[in-house]
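Enquirer: In the working numbering, the protein residues as written are 1 to 783.
Dumping the structure here so I can ask a few things about it.
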């Protein structure tokens, strides 16, 4: 009897999928890593910055004076809370102020030489002085737009996470450029004229109000745009783009359950898809003294995906723009001579696959290659993957010839922090320089324009985030790993001396609860030599003698790498607590490695790195008997929604259970700029080969398809077309169509459908009856 009782208690201790497991999964999400610092926010031109840090009960704000080497609370937190509550009739506490990261609608801003702060409450701007703690209500701030939005940038989302913010492309003629004509002007540098757009043409207006036409060839179907007007510094020339409209595809929505009326609503958004006709921008140059129009031969830019806005050299000799050819395989920096309108190529970059635009500096926008002009364009810093890695090159801006390669080696530049023209030095972050470290970790370096003097400014075996002061005399270095709590320091730039130790995160709450840090695991990929990196998260009550089903959280978008590299409570921990081992892997086709590693995605999004992922799983299983690869589930959102279902369709012998949310299941149905970059243009058979719709007939396992009704990032009909194909193939599946929700289906953040699906189909355990057991779980009695 004693033996039987012991066996029963052991079984209960390591039970999986029970109500107790759900309660623990829910409760650990409330755990806080105290003293974890947020980003450093330098205040204007000063050498003072503030940051928020998590403390028990909420958030505290700190102010650091770099010159005086001091750190103190940014304000009297209790006194400020009282002042806000008195003025706004609210109930904030000292550690739950209205601008805490969890609730902030607008960021905290220090003004009046740091004697006051501004923030937002309920769509109004508020100001509080930090001398007498008086708060006043300011102007109204426009509320958030309702209904569908323009397509966001494609990013991974955790289950139930909110949709990401979009990144706009500033190029003329790009798919996201608004085309509405609005009255606007552009004043000449000498203030003698202003250029205006009237009736789709350019007019010049004098200070006395007289205007004359500068162009006559603009029309509704080929109009000059205000946004592209650019005067030469000497006011002698004006350049403007004429834009021929493309096809404004509309995606339509029926909002079944609007909050302001009983009956459904119809809305639509402009949403271009692969293959659609684009706006075509054409630059035209005007000589102002003689009012002469100089048409520019477009032989060097015949088929633009987009043109960057024109930028004049300071001496007025010419202007430049960047040409991104449709298909993302030709990218040029083009210079147009002011006196003749003659175009020539300064930099000509080609690739057999696709260009990657993520190497940026603080002044650049998405969708462009990295370029910095030195000495008014006499020299140009340029980024290229031409040798197989993302590196920096120095060009002669007059001849268009490469002077020298600046960085080189089997590692890559991740981003440029700043360029010191006078010292002829570049400060940048790179990954993969230190052979023994995770190649995804970023470190700060400095190098001379001629490629000499490579110097490291960070040393810890972790990934580093750097924030410079405006004058670059100081920087904040924050670093961590998934198994190393966050550390933050203030350093001096000129000698790299540590000025102040700022914070060191305290993981006591996690460790006291029994959590173990994620395990970093490395295995060889499909070529037998390339390292594939991933993480393993196990439940608190993990028993190495128990077999655990495995769940992979996947996002394989080529625009980044996605396995966590920083410290914190793992987003996948709650799912693990139900009795699973949960993993994340960066397979081939994702970025931040070599060009060859990245190019696996070219015309091949259906691959999603699965050959590498499956080998990685098998390597883990070979090391750990508890890792049961006969029961593998997979889930993902957005492009991860496509990949998760693709795993079950293309590898049904390995992935048995799928939850796919907000999936772009056919790349012909999704946003043009993201899909044409990786899948190429024109549309070819590669699109069908990667399509979950065309391959739906392959389904063998169990799949839950989650569809947000109002998804403005991914056309929700993409998921419905999968449903249609599955029905036609006589396949069984499950579907959740959620009214009113946008991308990521945020309402599911506090729900349990994904968890239940894996518990039921992988653990073969019936989840709790949530119609009888309230959610969230307040208390649990028994088992």
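Where is the CB? At the ideal position from N, CA and C, for every residue including glycine.
Taking 8 angstroms as the threshold (C-beta atoms), are residue 662 and residue 641 in contact?
Expert: Taking 8 angstroms as the Cβ cut-off, residue 641 and residue 662 qualify as a contacting pair.
Enquirer: Which residue wins for smallest C-alpha separation from residue 716, given the options 702, 730 and 735?
Expert: Residue 735 is the option with its Cα nearest to residue 716.
Enquirer: What's the gap between the Cα of residue 437 and the Cα of residue 443?
Expert: Their Cα atoms are separated by approximately 11 angstroms.
Enquirer: Kindly indicate which three-state DSSP category residue 756 falls into: helix, strand or coil?
Expert: Residue 756 falls in the helix class under three-state DSSP.
Enquirer: To the nearest angstrom, report how far apart residue 290 and residue 402 are at their CA atoms.
Expert: Rounded to whole angstroms, residue 290 to residue 402 spans 38 angstroms at the Cα level.
Enquirer: Among the residues of its own chain, which have a CB less than 6 angstroms from the CB of residue 344, if the five just before and after it don't count?
Expert: Cβ neighbours of residue 344 beyond the five flanking positions: 335.
Enquirer: For residue 430, which residues does DSSP report across the bridge?
Expert: In the DSSP output, where bridge partners are listed per residue, residue 430 has 413 and 443.
Enquirer: Curious, which full-length beta strand (DSSP E) runs of at least 3 residues does the stretch 276-357 contain?
Expert: Taking only runs of at least 3 residues, the beta strand (DSSP E) segments lying wholly in the stretch 276-357 are 280-287, 292-295, 304-307, 318-325, 330-337 and 343-350.
Enquirer: My assumption, with CB atoms under 8 angstroms, is that residue 482 sits in contact with residue 567. Please give the rounded CB distance.
Expert: Contact holds; Cβ gap of about 6 angstroms.
Enquirer: What span of residues does the alpha helix (DSSP H) with residue 480 cover, start to end?
Expert: First-last for residue 480: 474-481, but that is the beta strand (DSSP E), not the alpha helix (DSSP H).
Enquirer: Does the beta-carbon of residue 612 have 16 or more other beta-carbons within 10 angstroms, so that it is buried, or is it exposed?
Expert: Buried, by the Cβ-count rule.
Enquirer: Would you check if the distance between the CB atom of residue 202 and the CB atom of residue 193 is smaller than 8 angstroms?
Expert: The answer is no: Cβ separation not under 8 angstroms.
Enquirer: Taking the beta carbon of residue 501 as the centre, do at least 16 other beta carbons fall within 10 Å, making it buried, or is it exposed?
Expert: Exposed: under 16 other Cβ atoms inside 10 Å.
Enquirer: Just the Cα atoms here: how many angstroms apart are residue 244 and residue 279?
Expert: Looking at the two C-alpha atoms, the distance is approximately 5 angstroms.
Enquirer: Drop a sphere of 10 angstroms on the beta-carbon of residue 529, count the other beta-carbons inside from all chains shown, and report buried for 16 or more, exposed for fewer.
Expert: Per the 10 Å Cβ criterion, exposed.
Enquirer: With three or more beta-carbon pairs closer than 8 angstroms as the criterion, would you say the stretch 472-491 touches the stretch 511-524?
Expert: The stretch 472-491 vs the stretch 511-524: in contact.
Enquirer: By alpha-carbon positions, which one of 216, 420 and 631 ends up nearest to residue 284?
Expert: Ranking 216, 420 and 631 by Cα distance to residue 284 puts 216 first.
Enquirer: To the nearest whole angstrom, what separates the beta carbons of residue 701 and residue 657, a pair I think is in contact under 8 angstroms?
Expert: Indeed they touch by this definition, with Cβ atoms about 6 angstroms apart.
Enquirer: By a C-beta neighbour count over all protein chains shown, 10 Å radius and 16 as the cutoff for buried, is residue 494 buried or exposed?
Expert: Classification of residue 494: exposed, given that the 10 Å Cβ count is below 16.
Enquirer: Got a sec, what are the start and stop residues for the alpha helix (DSSP H) residue 77 sits in?
Expert: It spans 77-88 - the alpha helix (DSSP H) in which residue 77 sits, taken as one unbroken run.
Enquirer: For residue 647 and residue 523, I'd like the C-alpha separation in whole angstroms.
Expert: Near 19 angstroms, if we compare the C-alpha coordinates of residue 523 and residue 647.
Enquirer: If you compare alpha carbons, which of 114, 491, 765 and 89 is closest to residue 122?
Expert: Nearest C-alpha to residue 122: 89.
Enquirer: What residue does the beta strand (DSSP E) around residue 586 start on, and which one ends it?
Expert: Looking at the DSSP string, the run of the beta strand (DSSP E) that includes residue 586 is 581-586.
Enquirer: Just to confirm before moving on: does the CB-CB distance between residue 346 and residue 397 stay below 8 angstroms?
Expert: In contact: residue 346 and residue 397 (Cβ atoms closer than 8 angstroms).
Enquirer: Measure the CB-CB distance between residue 476 and residue 139 and report whether it falls below 8 angstroms.
Expert: Their beta carbons are not under 8 angstroms apart, which means residue 476 does not touch residue 139 by this criterion.
Enquirer: List in chain order: all unbroken beta strand (DSSP E) runs of 3+ residues lying wholly within the stretch 629-668.
Expert: If we require 3 residues or more, the beta strand (DSSP E) runs fully inside the stretch 629-668 come out as 657-661.
Enquirer: Should residue 9 be labelled buried (16 or more other beta-carbon atoms within 10 Å of its own) or exposed?
Expert: With a pLDDT of 35 at residue 9, under the threshold of 50, the modelled position of this residue cannot be trusted, and the question is left open.
Enquirer: Just to confirm, is the Cβ distance from residue 414 to residue 592 under 8 angstroms?
Expert: Yes, the Cβ-Cβ distance between residue 414 and residue 592 is below 8 angstroms.
Enquirer: Specify the secondary structure class of residue 51 as computed by DSSP and reduced to three states.
Expert: The answer is strand: DSSP assigns residue 51 an E or B state.
Enquirer: Distance, Cα to Cα, residue 491 vs residue 73?
Expert: Each residue's alpha carbon lies about 20 angstroms from the other.
Enquirer: In the DSSP assignment, what are the bridge partners of residue 506?
Expert: Looking at the DSSP assignment, residue 506 forms a beta bridge with 34.
Enquirer: Given a cut-off of 8 angstroms on the beta-carbon distance, is the pair residue 614 and residue 532 in contact?
Expert: No, these two residues do not count as a Cβ contact at 8 angstroms.
Enquirer: Flag this pair as touching only if the stretch 740-748 and the stretch 266-281 have three or more C-beta atom pairs under 8 angstroms; answer yes or no.
Expert: At 8 angstroms Cβ cutoff, the stretches do not touch.
Enquirer: Reducing DSSP to helix, strand and coil, say where residue 718 ends up.
Expert: Residue state, collapsed to three classes: helix.
Enquirer: Output the boundary residues of the alpha helix (DSSP H) element that contains residue 686.
Expert: Its alpha helix (DSSP H) spans residues 685-690.
Enquirer: Since residue 266 sits in a beta bridge, which residues does DSSP pair it with?
Expert: For residue 266, which the question treats as bridged, DSSP gives the partners 254.
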